[in-house]
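Position in the sequence shown counted from 1, then plus 233, gives you this note's numbering. Think of the CB as a built atom: it goes at the ideal place given N, C-alpha and C, for glycine as much as any other residue. For clarity, every value in this text was computed on a predicted model and none was experimentally measured. Following: one structure in C-alpha cells, then a few remarks.
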Amino acid sequence: MSFRVKPIVQLSFVQCRSFTTSEVRHGKRNFRKFLMPNVRGNFHDRARKDRVIETYGYREPGVERGNSLQMVPEMEPQLVVPDLEGFQLKPYVSYRAAEVCQGEFTARDLFDAQYSEQVAKDFNAGYRDLEHHTRTVSERLSKEEALQRARQTGSDIFQPKWLTKIFQEQ
C-alpha cells in the first residue's frame, strides 16, 4: 500500500512590492521609482506651478498694463512684399555654385566706388586745378551710404576679369 504525505502548511512565495515613507525600515529608498505626488519635498516644490502660455514667437502689438493691453501703432507688424516682376535671379542657389569671397573693404575700394569715374572724366576733359575738381566731385553720399552702395550685390568693385573683358569689348 502506498502512503501519500499531505502537506500540513502550504507555503507560497508571492512577491509584492511595499513602499514606506519612513527611512527607519531597510535604509534608503529610491523615491524616483515610486511617484507619490505631494509627499516629498518642501512647500515650494509641492506648490502648483504656473502654466506657461505658449505664444509661439508671437508678440502682442501693444503694452500690457495690469489686465488690459494698450495698443501701440509702432508695434504693429507690417508685411513688406517686394515687386519681383522682371527679376532675373531664381530664388534657389545650387550648392554647386562657386563660393564668392570678398576681401577686406579698404579706403581704395571706397574711393573707386565713389569718385574714380568722376576723377577720370575730369582728367580726360583737361581739368587739372583743384578748385574745379572739388566743385565737380561733390559729397552727394555720406560715408555710410557709399559703403552700403559699394557692398550691395552687383557693385563692380570686385568684378571678375572675364566680366571686365566683356565690358571692354562692348
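Per the DSSP calculation, residue i is bridged to which residue(s)?
i, result
"Met304", "Gly295"
Does the Cβ-Cβ distance between residue i and residue j come in under 8 Å?
i, j, result
"Arg382", "Ala330", "no"
"Gln303", "Val296", "yes"
"Leu343", "Ala379", "yes"
"Glu318", "Pro294", "no"
"Arg384", "Phe338", "yes"
Along the chain, where does the alpha helix (DSSP H) that runs through residue i open and close?
i, result
"Asn441", "Within the shown structure, residues of the chain are numbered from 234 to 403, placing residue 441 beyond reach of any answer."
"Gln385", "Careful: Gln385 lies outside any alpha helix (DSSP H) and carries neither H nor E."
"Arg279", "276 to 279"
Can you check whether the C-beta of residue i is within less than 8 Å of a C-beta belonging to chain B?
i, result
"Asn357", "Reference to chain B is not applicable here, since this structure consists of a single protein chain."
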